[in-house]
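S.K.:
In our numbering, the protein residues as written are 9 to 137.
#1: Where does residue 35 sit, in a helix, a strand or coil, going by DSSP?
#2: Considering just the uninterrupted stretch of the alpha helix (DSSP H) at residue 87, what are its terminal residues?
#3: Identify whether residue 125 lies in helix, strand or coil by the three-state DSSP scheme.
#4: On a Cα-Cα basis, can you pick out the residue from 105, 37, 52, 77 that is closest to residue 131?
#5: Would you list the one or two residues that DSSP bridges to residue 50?
#6: Taking residue 75 as part of the beta strand (DSSP E), name the residues at either end of that continuous run.
#7: Taking the C-alpha atoms as reference points, what is the distance between residue 20 and residue 37?
#8: If I'm right that residue 94 touches residue 117 with Cβ under 8 angstroms, what's the distance once you round it to whole angstroms?
#9: Contact between the region 92–111 and the region 55–72 is defined here as three or more beta-carbon pairs at a separation below 8 angstroms; is this criterion met?
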(Lines of atoms letter the chains of each structure in order from A and count residues from 1; the text may use other names and numbers.)
(Lines give C-alpha, C1' and ligand atoms only; values in the text may rest on other atoms or scores of the structure.)
Protein backbone atom coordinates (compact mmCIF):
# COMPACT_ATOMS: atom_id res chain seq x y z
CA UNK A 1 0.00 0.00 0.00
CA UNK A 2 1.20 3.51 -0.84
CA UNK A 3 0.40 6.45 1.42
CA UNK A 4 0.57 10.09 0.38
CA UNK A 5 2.38 10.92 3.62
CA UNK A 6 5.07 8.30 3.02
CA UNK A 7 6.29 9.69 -0.30
CA UNK A 8 9.93 10.68 0.03
CA UNK A 9 11.13 14.23 -0.52
CA UNK A 10 14.64 15.61 -0.44
CA UNK A 11 15.92 18.51 1.57
CA UNK A 12 16.86 21.36 -0.73
CA UNK A 13 20.36 21.54 0.73
CA UNK A 14 21.11 17.87 0.06
CA UNK A 15 20.26 17.88 -3.64
CA UNK A 16 22.47 19.22 -6.38
CA UNK A 17 19.72 21.22 -8.07
CA UNK A 18 20.21 24.51 -9.85
CA UNK A 19 17.15 26.52 -8.79
CA UNK A 20 17.17 28.38 -12.08
CA UNK A 21 16.71 25.28 -14.26
CA UNK A 22 14.59 22.85 -12.23
CA UNK A 23 11.30 22.76 -10.41
CA UNK A 24 11.09 20.99 -7.07
CA UNK A 25 9.16 20.88 -3.81
CA UNK A 26 11.15 22.31 -0.92
CA UNK A 27 10.83 19.84 1.96
CA UNK A 28 11.24 22.51 4.62
CA UNK A 29 8.58 24.91 3.35
CA UNK A 30 6.38 22.62 1.23
CA UNK A 31 6.48 25.26 -1.50
CA UNK A 32 7.22 24.72 -5.16
CA UNK A 33 10.49 26.32 -6.26
CA UNK A 34 11.70 27.02 -9.77
CA UNK A 35 11.80 29.54 -12.61
CA UNK A 36 8.83 31.91 -12.71
CA UNK A 37 7.28 30.44 -9.57
CA UNK A 38 6.25 33.13 -7.12
CA UNK A 39 5.27 32.60 -3.51
CA UNK A 40 2.83 29.70 -3.34
CA UNK A 41 1.03 27.46 -0.90
CA UNK A 42 -0.35 23.95 -1.03
CA UNK A 43 -4.10 23.65 -0.75
CA UNK A 44 -5.26 20.80 1.44
CA UNK A 45 -8.76 20.64 0.05
CA UNK A 46 -10.27 17.41 -1.26
CA UNK A 47 -11.07 17.21 -4.95
CA UNK A 48 -12.99 14.92 -7.27
CA UNK A 49 -12.26 13.75 -10.80
CA UNK A 50 -14.97 16.12 -12.01
CA UNK A 51 -13.30 19.07 -10.24
CA UNK A 52 -9.89 18.12 -11.67
CA UNK A 53 -11.31 17.87 -15.20
CA UNK A 54 -13.08 21.22 -14.79
CA UNK A 55 -9.82 22.83 -13.66
CA UNK A 56 -7.91 21.21 -16.51
CA UNK A 57 -10.30 22.39 -19.21
CA UNK A 58 -11.36 25.78 -17.82
CA UNK A 59 -8.37 27.28 -15.99
CA UNK A 60 -4.86 28.26 -16.96
CA UNK A 61 -2.66 25.86 -14.99
CA UNK A 62 0.96 24.98 -14.46
CA UNK A 63 1.14 21.18 -14.38
CA UNK A 64 3.97 18.96 -13.20
CA UNK A 65 4.62 15.23 -12.97
CA UNK A 66 6.53 14.14 -9.89
CA UNK A 67 8.30 10.88 -10.75
CA UNK A 68 11.36 10.98 -8.52
CA UNK A 69 11.59 12.27 -4.96
CA UNK A 70 10.66 15.97 -5.02
CA UNK A 71 11.82 16.86 -8.55
CA UNK A 72 9.01 18.16 -10.76
CA UNK A 73 8.83 17.71 -14.51
CA UNK A 74 6.68 20.30 -16.32
CA UNK A 75 4.05 18.93 -18.69
CA UNK A 76 2.01 21.14 -21.04
CA UNK A 77 -1.64 21.50 -20.09
CA UNK A 78 -2.70 20.61 -23.65
CA UNK A 79 -0.79 17.32 -23.39
CA UNK A 80 -2.62 16.40 -20.18
CA UNK A 81 -5.93 17.24 -21.88
CA UNK A 82 -5.05 14.99 -24.83
CA UNK A 83 -4.09 12.13 -22.51
CA UNK A 84 -6.82 12.70 -19.88
CA UNK A 85 -9.07 9.81 -20.97
CA UNK A 86 -6.29 7.31 -21.73
CA UNK A 87 -3.57 7.93 -19.14
CA UNK A 88 -4.85 10.10 -16.32
CA UNK A 89 -8.59 9.84 -15.57
CA UNK A 90 -8.64 6.16 -14.57
CA UNK A 91 -5.29 6.30 -12.79
CA UNK A 92 -5.91 9.02 -10.20
CA UNK A 93 -6.23 8.13 -6.54
CA UNK A 94 -8.53 10.35 -4.53
CA UNK A 95 -7.66 8.56 -1.28
CA UNK A 96 -4.86 9.08 1.20
CA UNK A 97 -3.53 5.58 0.49
CA UNK A 98 -4.07 3.07 -2.31
CA UNK A 99 -2.92 -0.16 -3.94
CA UNK A 100 -1.16 -0.41 -7.32
CA UNK A 101 -3.16 -3.53 -8.18
CA UNK A 102 -6.38 -1.50 -8.21
CA UNK A 103 -5.30 0.49 -11.28
CA UNK A 104 -4.79 -0.31 -14.97
CA UNK A 105 -1.12 -1.10 -15.67
CA UNK A 106 -0.42 -0.89 -11.93
CA UNK A 107 0.35 2.82 -11.68
CA UNK A 108 -1.58 5.77 -10.32
CA UNK A 109 -1.22 9.44 -9.45
CA UNK A 110 -1.87 11.38 -6.29
CA UNK A 111 -2.87 14.91 -7.34
CA UNK A 112 -2.16 17.97 -5.21
CA UNK A 113 -2.97 21.62 -5.82
CA UNK A 114 -0.99 24.73 -5.06
CA UNK A 115 -1.96 28.35 -5.61
CA UNK A 116 0.53 31.07 -6.50
CA UNK A 117 -0.06 34.44 -4.84
CA UNK A 118 -1.13 35.86 -8.24
CA UNK A 119 -4.02 33.35 -8.26
CA UNK A 120 -2.57 30.91 -10.79
CA UNK A 121 -3.09 27.25 -9.93
CA UNK A 122 -0.50 24.47 -10.00
CA UNK A 123 -1.37 20.77 -10.22
CA UNK A 124 1.22 18.16 -9.28
CA UNK A 125 0.58 14.58 -10.41
CA UNK A 126 2.75 12.33 -8.21
CA UNK A 127 3.35 9.06 -10.06
CA UNK A 128 3.32 5.86 -8.01
CA UNK A 129 4.36 2.67 -9.81
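Quick reminder that beta carbons are idealized off the backbone N, C-alpha and C, glycines included.
M.R.: Taking the definition as stated:
#1: The residue you call residue 35 lines up with position 27 of the chain shown. Residue 35: coil per DSSP, three-state reduction.
#2: Along the chain shown, read from residue 1 onward, the residue named residue 87 stands at position 79. Where residue 87 is concerned, the enclosing alpha helix (DSSP H) stretches over 85–91.
#3: Residue mapping note: residue 125 aligns to position 117 of the chain shown, counting from 1. Residue state, collapsed to three classes: coil.
#4: As a first step, residue 131 must be located in the chain shown, where it is residue number 123. Looking at 105, 37, 52, 77, the one whose alpha-carbon comes closest to that of residue 131 is 52.
#5: The count along the chain shown starts at 1 and reaches residue 50 at position 42. As DSSP reads the structure, residue 50 sits in a beta bridge with 122.
#6: Within the chain shown, numbered from 1, the residue matching residue 75 stands at position 67. Looking at the DSSP string, the run of the beta strand (DSSP E) that includes residue 75 is 69–76.
#7: Here residue 20 corresponds to residue number 12 of the chain shown, with the count starting at 1. Here residue 37 corresponds to residue number 29 of the chain shown, with the count starting at 1. The pLDDT assigned to residue 20 is 43, lower than 50, so where the model puts this residue is not dependable, and the model offers no usable value.
#8: Stepping through the chain shown from its first residue, residue 94 is reached at position 86. Stepping through the chain shown from its first residue, residue 117 is reached at position 109. Their Cβ separation, rounded to whole angstroms, is 14 angstroms, which puts residue 94 and residue 117 out of contact at 8 angstroms.
#9: Counting C-beta pairs closer than 8 angstroms gives three or more between the region 92–111 and the region 55–72, which meets the contact rule.
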